[in-house]
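Heads up: the sequence shown begins at 1 in UniProt numbering, then just goes up one per residue.
Here is the structure we will look at, set down as structure tokens.
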Amino acid sequence: MTKLCIFGGTTVVGYAAWYLGDALGMSFFGSFMLSGVGSILGVYLGWKLAQRLEQ
Numbered sequence: 001m002t003k004l005c006i007f008g009g010t011t012v013v014g015y016a017a018w019y020l021g022d023a024l025g026m027s028f029f030g031s032f033m034l035s036g037v038g039s040i041l042g043v044y045l046g047w048k049l050a051q052r053l054e055q
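Rendered as structure tokens:
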């Protein structure tokens, strides 16, 4: 369950960060970097969600 939540969090938050960067008019590299930060945040949020669901 933990790996699935982390995968989902990484995918959703990483894509949302990429979309935000594109909406703000960032270049490809800027959107790519923001997506990387979003993916790291998604790993953390997915891990916390998995912990909460396992209780």
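Beta carbons are placed, not taken as given, at the ideal position from N, Cα and C, and that holds for glycine.
Residue i - containing alpha helix (DSSP H), residue span
i: residue 39; result: 28-54
i: residue 4; result: 2-23
Buried versus exposed call for residue i [16 or more other C-beta atoms within 10 Å across all chains shown]
i: residue 17; result: buried
i: residue 10; result: buried
i: residue 13; result: buried
i: residue 27; result: exposed
i: residue 38; result: buried
i: residue 25; result: exposed
Assumed close pair residue i, residue j - CB separation to whole angstroms, cut-off 8 angstroms
i: residue 21; j: residue 34; result: 4 angstroms
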